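Visitor: Protein sequence lines, in the order shown, are assigned to chains A and B. Per numbering that gives the first Met the number 0, the very first residue in the first sequence carries number 0; after that it's consecutive. Per numbering that gives the first Met the number 0, the very first residue in the second sequence carries number 0; after that it's consecutive. Glycine included, each C-beta is placed from N, C-alpha and C at the ideal position. Everything numeric in this text was worked out from a predicted model, so none of it was measured. Mind having a look at this structure? Questions to follow.
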Amino acid sequence: MKLSYRSKITLLAILTVIIPVFLIQIMSVLLQNRIANSAGRELLNVAEDNITQITKDIYSICQAADEMMKVRNDVSVKLLREKIMERGGASISTEMVNWQAKNQFTNQVSTITIPKLLIGGVWLGQNSDMNIPTPIVDKVREISGGTVTIFQRIDNEGNMIRIATTVPNDNNNRAIGTFIPAKDSNNVVNPVISKVLSGQRYEGIAFVVNDWYDTIYEPLKDKNGNIIGMLYGGERINSIKSLKNAIMNIKVGQNGYTFVLGTIPPHKGTYIISHKGTRDGDNIYNETTNSGVRIAQKMLDDGMKLEGNDTKIFRYTWKNPGDTVFKDKIASISYYEPWGWIIGASTYEDDYLETKNKVQEIIQDLQFKLILGVGFTLILVLIIATIISRKMAQPLNFIAEVAFKISDGYLGESKLMIQNYKSKNKLVNIKDNVKDESIRLMLSFEKMILKLEDLIRKVQSSGITVTQTVTQINASAKQLEGTISEQASLSSQVSASSLTIAETSQKIADKTEDLNQMALDTNEIARGGLIKLEDMKYSLDNMVSSSSGIYEKLDIIKKRTNNINNIVTAITKVANQTNLLSLNASIEAERAGEAGGGFAIVAREIRRLADQTSIAALDIEKLIEEMQKAVSEGTEFIISYTDENKNSVLKVTMIIQEIKDLIQRIGDLPQEVGELKLGMDSQSESATQISNSMGQLTNATQQTRDSIFGFNDAARSLKIAIENLSIEIQKFHIQENN
Amino acid sequence: MTLLPFDIENNCYALEINDIIEIIPLVKIEDIIYANKYLSGLINYRGQLIPIIDLKYFLFQKKSKFLLSTRIIIYCHLLQTIGIIIEDLTDTIELDSRQLISDSEKLSGSNYIKAYYVDEEKTTKIINVANIINTIYNNK
């Protein structure tokens, strides 16, 4: 990753914050469902426990109510029997009476004629009006509060008809004339009848007229012990409002409720107690869940197998009238056998799942807040990381900049940059072992620059020295080259000259014969010249002596003119004095005023005279000067003329001597010419040898020149290399003041 | 009136004759140590020591040449007697004082020029010796 140092630090900080948070987030998402599920499960468990407990409570309530009713029924039956006994017991009359007998199960009415049953010899009549008192039964009801009935046996089969009762029928009349058939339509023996006919007491619930009652039935015997009827004391279960309300009003969860289903035909699967009593009497035996299970049937089948207050849990879907959809339900049931009640407490799973949803919501809220917190922390971290990274990166960036400067060669500038940076950040007196690595790096950079500068300075100075040396070498090489070239050309010339000399020598040698003859002729001419020269010398001697006389006379003239000069000076001085005098005279005349007028004129005249004298003196002076000049020139001329004459005499004397020598030598010439010829021959030979040697020397020189060319090239390349080095070095700008 | 004309560095100057006591030839001048350079020295004038000023040096900072025509003018101003060395002093000029042009009219600004005298050939400046003497004595 090509990221800046700063970005990396910032990224690191951000990752440090984000990664744990990200992990926490993942964990929380993973755990969310688990927590929610387990919470849901726990809640359902709680719900189960709750409904189980409720079921058990209802069971206990029923049990308590049952026992209470039993006590009351027992009292009712005992009171009834006592009252009958008080009146003299029951007996069958011979008188017949008609009854509109109504089967309490089938509601079939048939007219039967049976003998009157007498209590203490009195017929109780056929009173169906609640407002008209019926003896004995009304009295017992007054005392015990329960319902009581006196049955008369209709036939041998054991059908029992109510002849006196406090049990109301649907019209709230006394339900006399209704009978309990000994066998129902399915030919099943009625448990109450069979029990009573066998002379035993029946305890339990029984369908009385039109409803279920907690009952006690006892046989009614005549004096002979024949069962002529039976006594009933009972309590309509539903009549205990508090029980029904107590069961109905038990709250199960949020929307749950309790219910009681009947198990005894014809009320098998019928609501005895329903939710808020709305469905009391509805038969749900065949109602199904959404998957088609007859759940009421199942509850009844399984529930009736339960013993005591054992409970059983059912899960199913259910739809009450008014509900649009099936809802998941959980129900606990127990079976109160004495009444044949399936007691149930049910609740909707949704009620508990709501809590689960709430847990889920709380977790999501937590996640959201976590993200918010992370966002805030992230911003904080970003700010802090930015500040820290800037602080960390700033010196590094600065060092990078310095490094760029160094690479560009601006050493001095980079040094200044570091010094400025140090003074700006108060790092001037900082030590090398400072903890901040970037500052340490910077210090080492500073040291490096100093050393680099030193090195470059040394290289530069060395470069200059080498360049100078190379330039000198170059110049020397060029000079040498020139010299060698010159030498070569000279050698060539020498060689050529030698050849010429050789040739010339040969020619000279050849011409010496002619020379010999010419020498003899010359000798003759020279002798003639000598005589003439001697005459000339004599004349010249005479001229010298006469010019000496002229010189002496000119000298005398010179001395005389000097005397004249002195006189002129004297005249001048006198004229000057006169002038001075006249000036003073003028002053005096002026001072004398008008009286001095004539005197002034005299003074002026004197002054004019003096001036004229001066002018005359000046003229004389000029003339004398010219004369002196002429005399001097004459003297000089005579001196030089005399000198020249003397010189000429000397020269002529010398020439005479030379001519004499010449004549002598010319005389010797023929012999010398012979020697010369021999010398010339040998010279010619030597010259040829020299020419040869010179040829060799030229070759050698040529080679030397080539070598020098090579050397020159090498020196030039060295110079170029040094110049390149110096250019490279010049790229490094070091500070001058150091 | 009578003027004493003379040339210094090709300029024509002149002195009024009035306060001049005498003109004497150049005599031996005694040096004065540490004196101003225009003060050439002292001379014995009739038994009296008087200071000698070199006018050329005073005006042009050049020493006068010692020629025959170089003379000393003995000058008396307000009882102060001094000598003035002047080169080439050989003539006099006679003129009417009305021919002079006062310096104040031409405003040369110099204290040492008293008046101008103009003829057909040249302009002669008349030196104010009194001011020169004053300057010298004040400088002392």
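Report the rounded CA-to-CA distance for A:L539 versus A:V648, giving the unit in angstroms.
Guide: The residue labelled residue 539 of chain A in the question sits at position 540 within the first sequence. The residue labelled residue 648 of chain A in the question sits at position 649 within the first sequence. The alpha-carbon atoms of A:L539 and A:V648 are separated by roughly 6 Å.
Visitor: Just checking: is the beta-carbon of A:Q611 within a distance shorter than 8 Å of some beta-carbon in chain B?
Guide: The count along the first sequence starts at 1 and reaches residue 611 of chain A at position 612. Chain B, which has no Cβ nearer than 8 Å to the Cβ of A:Q611, makes this no.
Visitor: Under 7 Å Cβ to Cβ from A:Y462, same chain only, skipping five residues before and after it: list those, please.
Guide: Along the first sequence, read from residue 1 onward, the residue named residue 462 of chain A stands at position 463. In the sequence under discussion, the amino acid at residue 462 of chain A is Gly, which differs from the Tyr named in the question. Excluding residues within five positions, the ones whose Cβ falls inside 7 Å are I721, L724, S725 and I728.
Visitor: For A:N189 versus A:I179, is the C-beta spacing smaller than 8 Å?
Guide: For this step, residue 189 of chain A is matched to residue 190 along the first sequence. For this step, residue 179 of chain A is matched to residue 180 along the first sequence. For the pair A:N189 and A:I179, the CB atoms are nearer than the 8 Å cut-off.
Visitor: Using the Cα positions of A:I8 and A:A713, report the straight-line distance between them to the nearest angstrom.
Guide: As a first step, residue 8 of chain A must be located in the first sequence, where it is residue number 9. As a first step, residue 713 of chain A must be located in the first sequence, where it is residue number 714. About 57 Å.
Visitor: Here's the rule: buried if 16 or more other CB atoms are within 10 angstroms of the residue's CB, otherwise exposed. What is B:K113?
Guide: In the second sequence, counting from the first residue as 1, residue 113 of chain B sits at position 114. Per the 10 Å Cβ criterion, buried.
Visitor: Find out if the Cβ-Cβ distance for the pair A:I53, A:V251 is shorter than 8 Å.
Guide: Residue mapping note: residue 53 of chain A aligns to position 54 of the first sequence, counting from 1. Residue mapping note: residue 251 of chain A aligns to position 252 of the first sequence, counting from 1. A contact, by the Cβ cut-off of 8 Å.
Visitor: Measuring alpha carbon to alpha carbon, tell me which of A:I332, A:Y201 and A:K425 ends up nearest A:S345.
Guide: Residue mapping note: residue 345 of chain A aligns to position 346 of the first sequence, counting from 1. Residue A:I332 is the option with its Cα nearest to A:S345.
Visitor: Tell me, please, which residues DSSP counts as bridged to A:E202.
Guide: Counted from its first residue, the first sequence places residue 202 of chain A at position 203. DSSP lists A:I215 as partners of A:E202.
Visitor: Classify A:Q125 as helix, strand or coil using the three-state DSSP reduction.
Guide: For the purposes of this step, residue 125 of chain A is identified with residue 126 of the first sequence, where counting begins at 1. Residue state, collapsed to three classes: coil.
Visitor: Give me the Cα-Cα distance between A:I638 and A:Q627, rounded to the nearest whole angstrom.
Guide: Locating residue 638 of chain A in the first sequence gives position 639, counting from the first residue. Locating residue 627 of chain A in the first sequence gives position 628, counting from the first residue. Computed Cα separation, rounded: 16 Å.
Visitor: Under 8 Å between the Cβ atoms of A:I153 and A:I160?
Guide: Stepping through the first sequence from its first residue, residue 153 of chain A is reached at position 154. Stepping through the first sequence from its first residue, residue 160 of chain A is reached at position 161. Cβ atoms of A:I153 and A:I160: closer than 8 Å.
Visitor: Can you tell me where the beta strand (DSSP E) with A:K303 in it begins and where it stops?
Guide: Here the question's residue 303 of chain A lines up with position 304 in the first sequence. It should be pointed out that residue 303 of chain A corresponds to Met in this sequence rather than to Lys. Here A:M303 belongs to no beta strand (DSSP E), and DSSP marks it neither H nor E.
Visitor: Which residue spans inside the stretch 94-142 of chain A form an unbroken beta strand (DSSP E) run of at least 3?
Guide: 108-118
Visitor: Mind listing, in chain order, the continuous alpha helix (DSSP H) runs of no fewer than 4 residues lying wholly within the stretch 540-624 of chain A?
Guide: none
Visitor: Count the other C-beta atoms from every protein chain shown that fall within 10 angstroms of the C-beta of A:D65, then say buried if there are 16 or more, exposed otherwise.
Guide: For the purposes of this step, residue 65 of chain A is identified with residue 66 of the first sequence, where counting begins at 1. The residue in question, A:D65, is buried, as its Cβ has 16 or more Cβ neighbours within 10 Å.
Visitor: Give every residue of the same chain whose Cβ lies closer than 8 Å to the Cβ of B:L41, excluding the five residues on either side of it in the sequence, and list them in chain order.
Guide: Along the second sequence, read from residue 1 onward, the residue named residue 41 of chain B stands at position 42. Once the five neighbours on either side are set aside, the close Cβ partners of B:L41 are I28, E29, I31, L48, I49, P50 and I51.
Visitor: Alpha carbon to alpha carbon, how far is B:N130 from A:A615?
Guide: Start at 1 with the first residue of the second sequence, and residue 130 of chain B comes out as number 131. Start at 1 with the first residue of the first sequence, and residue 615 of chain A comes out as number 616. Whole-angstrom Cα-Cα distance: 41 Å.
Visitor: In the DSSP assignment, find the beta strand (DSSP E) that holds B:Q60 and state where it starts and stops.
Guide: Along the second sequence, read from residue 1 onward, the residue named residue 60 of chain B stands at position 61. Element bounds for B:Q60: n/a, residue is neither H nor E.
Visitor: Taking A:K506 as the reference, which of A:G157, A:T214, A:D610 and A:S681 has the closest Cα?
Guide: Against the first sequence, residue 506 of chain A aligns to sequence position 507. Taking only the C-alpha atoms, the option nearest A:K506 is A:S681.
Visitor: Could you tell me whether the Cβ of A:E589 comes closer than 8 Å to any Cβ of chain B?
Guide: Counting from 1 along the first sequence, the entry for residue 589 of chain A is found at position 590. For A:E589, the answer is yes, since a Cβ of chain B falls inside 8 Å of its Cβ.
Visitor: Which residue marks the beginning of the beta strand (DSSP E) containing B:I72, and which one marks its end?
Guide: For the purposes of this step, residue 72 of chain B is taken as the residue at position 73 of the second sequence. Looking at the DSSP string, the run of the beta strand (DSSP E) that includes B:I72 is R70 to H76.
Visitor: Is the separation between the beta-carbon of A:V166 and that of A:V108 shorter than 8 Å?
Guide: Position 167 of the first sequence, counted from the first residue, corresponds to residue 166 of chain A. Position 109 of the first sequence, counted from the first residue, corresponds to residue 108 of chain A. Contact: no.
Visitor: If you follow the alpha helix (DSSP H) that A:T9 is part of, which residue opens it and which one closes it?
Guide: Residue mapping note: residue 9 of chain A aligns to position 10 of the first sequence, counting from 1. Start and end: Y4 to R86.
Visitor: Check the DSSP bridge columns for A:G343 and list the partner residues they point to.
Guide: As a first step, residue 343 of chain A is located in the first sequence; it is residue number 344 there, counting from the start. For A:G343, which the question treats as bridged, DSSP gives the partners A:F258 and A:I332.
Visitor: Hey, A:I246 and A:I204: beta-carbon distance below 8 Å or not?
Guide: As a position in the first sequence, residue 246 of chain A is number 247, starting the count at 1. As a position in the first sequence, residue 204 of chain A is number 205, starting the count at 1. Cβ atoms of A:I246 and A:I204: not closer than 8 Å.
Visitor: Can you pull the chain B residues whose beta carbon is under 9 Å from the beta carbon of A:S538, in chain order?
Guide: Against the first sequence, residue 538 of chain A aligns to sequence position 539. None at all; the shortest Cβ gap to chain B is about 55 Å.
Visitor: Counting only beta-carbon atoms, is A:N578 nearer than 8 Å to chain B?
Guide: By one-based count along the first sequence, residue 578 of chain A stands at place 579. Yes, its Cβ sits closer than 8 Å to a Cβ of chain B.
Visitor: Can you find the residues in the same chain that come closer than 6 Å, C-beta to C-beta, to B:E8, ignoring five residues on each side of it along the sequence?
Guide: As a first step, residue 8 of chain B is located in the second sequence; it is residue number 9 there, counting from the start. Hits under 6 Å: F59.
Visitor: My output table needs one value for A:K250: the three-state DSSP class, helix, strand or coil.
Guide: Reading the first sequence from its first residue, position 251 is the one you call residue 250 of chain A. In the structure shown, A:K250 adopts coil according to DSSP, grouped into three states.
Visitor: Once you ignore the five residues that flank A:G595 on each side, which residues in its own chain have a CB closer than 8 Å to its CB?
Guide: Within the first sequence, numbered from 1, the residue matching residue 595 of chain A stands at position 596. Closer than 8 Å at the Cβ level, and outside the excluded window around A:G595, lie E587, A588 and E589.
Visitor: To the nearest angstrom, report how far apart A:T214 and A:K357 are at their CA atoms.
Guide: Along the first sequence, one-based indexing puts residue 214 of chain A at 215. Along the first sequence, one-based indexing puts residue 357 of chain A at 358. If you take the alpha carbons of A:T214 and A:K357, they lie about 51 Å apart.
Visitor: Can you pull the chain D residues whose beta carbon is under 7 Å from the beta carbon of B:P24, in chain order?
Guide: In the structure shown, chain D cannot be found, because the protein chains are A and B.
Visitor: Between the stretch 38-56 of chain A and the stretch 231-240 of chain A, are three or more C-beta pairs nearer than 8 Å?
Guide: no
Visitor: Restricting to runs no shorter than 3 residues, where is the beta strand (DSSP E) found entirely within the stretch 506-533 of chain A?
Guide: none
Visitor: Mind listing the chain A neighbours of B:R70? Cutoff is C-beta to C-beta under 9 Å, in chain order.
Guide: Counting from 1 along the second sequence, the entry for residue 70 of chain B is found at position 71. Correct list: L579 and L582.
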